[in-house]
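Take the sequence shown: its position 286, counting from 1, is numbered 285 in numbering that gives the first Met the number 0, and each next residue is one higher.
Read the structure below first, then the notes.
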Amino acid sequence: MICNSFKGRLVLLALALAVLCMGCSGGDDSTTSEDEGNFHHTPPGEIEERIKNLKLLLPEEIYDTITAESRNNPNCIEGNRDQLGLPDSPNGQWYYTYENLIKGMADLMEFANEGDENTRKLEIAAFLANIAQETGAKVVGDDFGSPGCAIQEGYGAEAAWHDCAFGQRPDEVGSRWGCNKTRPFECPTDPRLCPDGEVGYFGRGPHQLTYDTNYEAFGKEMDVEDEYLNNPDLLTTDPNIGIAGSIWFWGHEERTQYSPPDIPFKPSAHNVVVGKWEPTDKDKACGRETANFGVIINLINGGVECGKEKATQQAENRVKYLVAIAEAMEVTIPDGFLDNCSTQKNFSECLSY
0 MICNSFKGRL VLLALALAVL CMGCSGGDDS TTSEDEGNFH HTPPGEIEER
50 IKNLKLLLPE EIYDTITAES RNNPNCIEGN RDQLGLPDSP NGQWYYTYEN
100 LIKGMADLME FANEGDENTR KLEIAAFLAN IAQETGAKVV GDDFGSPGCA
150 IQEGYGAEAA WHDCAFGQRP DEVGSRWGCN KTRPFECPTD PRLCPDGEVG
200 YFGRGPHQLT YDTNYEAFGK EMDVEDEYLN NPDLLTTDPN IGIAGSIWFW
250 GHEERTQYSP PDIPFKPSAH NVVVGKWEPT DKDKACGRET ANFGVIINLI
300 NGGVECGKEK ATQQAENRVK YLVAIAEAME VTIPDGFLDN CSTQKNFSEC
350 LSY
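Below, the structure written as structure tokens:
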């Protein structure tokens with residue numbers, strides 16, 4: 000089970016913070032955002048239809064089964080809940096509710112909305128399996144991974160909440176935008192904290208949206224411009240925004256200044272699930288031979304979990320959670336889709352072009 004002591008979480012965070020950020024929904028200093036291949040905000044007039052269709056794909060009773068071990072779990076609370084005005088109840092009771100999850104999914108019009116019914120349900124199952132690893136309670140004996148537990152990296156521990164190291168955009172003198180008010184801000188090495196009263200762009204939401212560039216791009220897609228860049232804590236305090244941010248990143252491909260027009264630095268997880276992503280010859284040489292679950296793991300945390308010859312525990316967890324969630328949702332997992340990325344090099348180490 001997850002730690003019972005918030006103090007214990009602080010210790011673990013301090014020891015592992017540099018590694019944890021590698022698994023966040025972010026990128027490296029070379030990446031830039033482009034619109035091609037990305038999810039788009041659902042028009043207001045289509046939201047209700049999207050919600051109705053998503054509820055058919057993931058009925059509430061199935062979601063309740065999958066999240067049974069996290070929904071009332073007293074360990075699933077944020078350490079900074081008083082500062083942010085969050086409820087004292089477990090996050091599963093107010094943040095990761097069925098209605099909030101469905102609404103967050105519905106806000107991006109391509110999610111679980113392409114391919115046949117099995118493909119659409121598979122995308123939901125793959126998303127839930129990955130958020131179980133990223134922010135789930137991982138209760139012992141729960142094959143689903145107990146998704147729907149943490150909201151913030153380190154459960155909102157001070158060291159993470161005010162971390163200034165997640166700024167990517169340089170200004171004219173090379174400083175970074177690592178804090179939500181002071182721009183530019185030269186993030187110190189130790190302690191790497193924002194000025195008093197400011198917060199950084201650490202992981203928030205089920206898939207831990209990270210980095211200033213992603214908060215900015217997500218806001219622009221949702222037609223609120225720099226609202227999330229200026230107030231990143233909205234992804235913590237407003238469940239619909241936080242969940243939609245993770246869905247947005249699921250459908251977001253990464254590009255760099257060196258990416259060819261037709262080949263992203265990293266494809267979106269959505270395009271992998273629905274079969275729109277096709278590996279290049281260089282992808283195949285890097286072990287990424289087909290569109291499978293291992294490629295999705297690679298996109299999320301490839302530097303830590305992939306290409307280790309022997310499967311890592313984290314990757315094995317994701318596969319186990321997918322199998323269990325797919326069975327609960329009555330999803331047929333396609334032949335060859337299950338993969339733990341142990342033979343794949345990560346995208347940063349071995350480029351697609």
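All C-beta atoms, glycine included, are put in the ideal place defined by N, C-alpha and C.
Runs of alpha helix (DSSP H) lying entirely within the region 159 to 241, each at least 4 residues, in chain order: Listed in chain order, they are 211 to 220, 226 to 229, 233 to 236.
The region 282 to 291 contacting the region 324 to 344, beta-carbon criterion three pairs below 8 Å: Result yes; three or more Cβ-Cβ pairs closer than 8 Å.
From E77, Q82, T181, M104, residue whose alpha carbon lies closest to that of Q92: For this step, residue 92 is matched to residue 93 along the sequence shown. Checking every option, the nearest Cα to that of Q92 belongs to E77.
Cβ-based burial, Q82 [other Cβ within 10 Å; buried from 16]: Position 83 of the sequence shown holds residue 82. Around the beta carbon of Q82, fewer than 16 other beta carbons sit within 10 angstroms, so the residue counts as exposed.
CB contact flag (K281, Y352, <8 Å): The sequence position of residue 281 within the sequence shown is 282, counting from 1. The sequence position of residue 352 within the sequence shown is 353, counting from 1. Contact flag set, yes.
Residue range of the alpha helix (DSSP H) that includes Y97: Stepping through the sequence shown from its first residue, residue 97 is reached at position 98. Boundaries of the alpha helix (DSSP H) harbouring Y97: 97 to 105, taken from the DSSP string.
Supposed close pair A216, C186 - CB separation, criterion 8 Å: Taking the sequence shown and counting its residues from 1, one reaches residue 216 at position 217. Taking the sequence shown and counting its residues from 1, one reaches residue 186 at position 187. Contact between A216 and C186 is absent: CB atoms are separated by about 21 Å, not below the 8 Å threshold.
N229 vs N179 beta-carbon contact at 8 Å: Along the sequence shown, one-based indexing puts residue 229 at 230. Along the sequence shown, one-based indexing puts residue 179 at 180. Taking 8 Å as the Cβ cut-off, N229 and N179 qualify as a contacting pair.
Separation of R182 from I65, as counted between CA atoms: Translated into the one-based positions of the sequence shown, residue 65 becomes position 66. Translated into the one-based positions of the sequence shown, residue 182 becomes position 183. Each residue's Cα considered, the two are about 42 Å apart.
Pair within 8 Å by beta-carbon distance, L233 and E226: Walking along the sequence shown from the start, residue 233 turns up at place 234. Walking along the sequence shown from the start, residue 226 turns up at place 227. Yes, the pair counts as a contact, with Cβ atoms nearer than the cut-off.
The region 133 to 147 in contact with the region 156 to 163 per 3-pair CB rule at 8 Å: No, the region 133 to 147 is not in contact with the region 156 to 163.
Whole-angstrom distance between S258 and S88, CA atom to CA atom: The residue given as residue 88 occupies position 89 in the sequence shown. The residue given as residue 258 occupies position 259 in the sequence shown. Rounded to whole angstroms, S88 to S258 spans 45 Å at the Cα level.
C193: CB within 7 Å of a non-hydrogen atom of the ligand PLP: With respect to small molecules bound, the structure shown includes none, and the ligand PLP cannot be examined in it.
Through-space distance from K102 to L85, alpha-carbon basis: Taking the first residue of the sequence shown as position 1, residue 85 is located at position 86. Taking the first residue of the sequence shown as position 1, residue 102 is located at position 103. Each residue's Cα considered, the two are about 20 Å apart.
Reduced DSSP secondary structure (H/G/I, E/B, other) of E277: Start at 1 with the first residue of the sequence shown, and residue 277 comes out as number 278. DSSP places E277 in coil when its eight states are reduced to three.
Closest by C-alpha distance to P238, when choosing among F143, D106, G196: Translated into positions along the sequence shown, residue 238 becomes position 239. Closest option to P238, Cα to Cα, is D106.
Bounding residues of the alpha helix (DSSP H) (the contiguous stretch that carries E48): As a position in the sequence shown, residue 48 is number 49, starting the count at 1. Where E48 is concerned, the enclosing alpha helix (DSSP H) starts and stops at 46 to 56.
Nearest-angstrom Cα separation, counted from F336 out to F264: Locating residue 264 in the sequence shown gives position 265, counting from the first residue. Locating residue 336 in the sequence shown gives position 337, counting from the first residue. For F264 and F336, the gap between their C-alpha atoms comes out near 22 Å.
Where R254 sits in the DSSP three-state scheme: Along the sequence shown, one-based indexing puts residue 254 at 255. DSSP places R254 in strand when its eight states are reduced to three.
Beta bridge counterpart(s) of H40 as assigned by DSSP: By one-based count along the sequence shown, residue 40 stands at place 41. According to DSSP, H40 bridges with L107.
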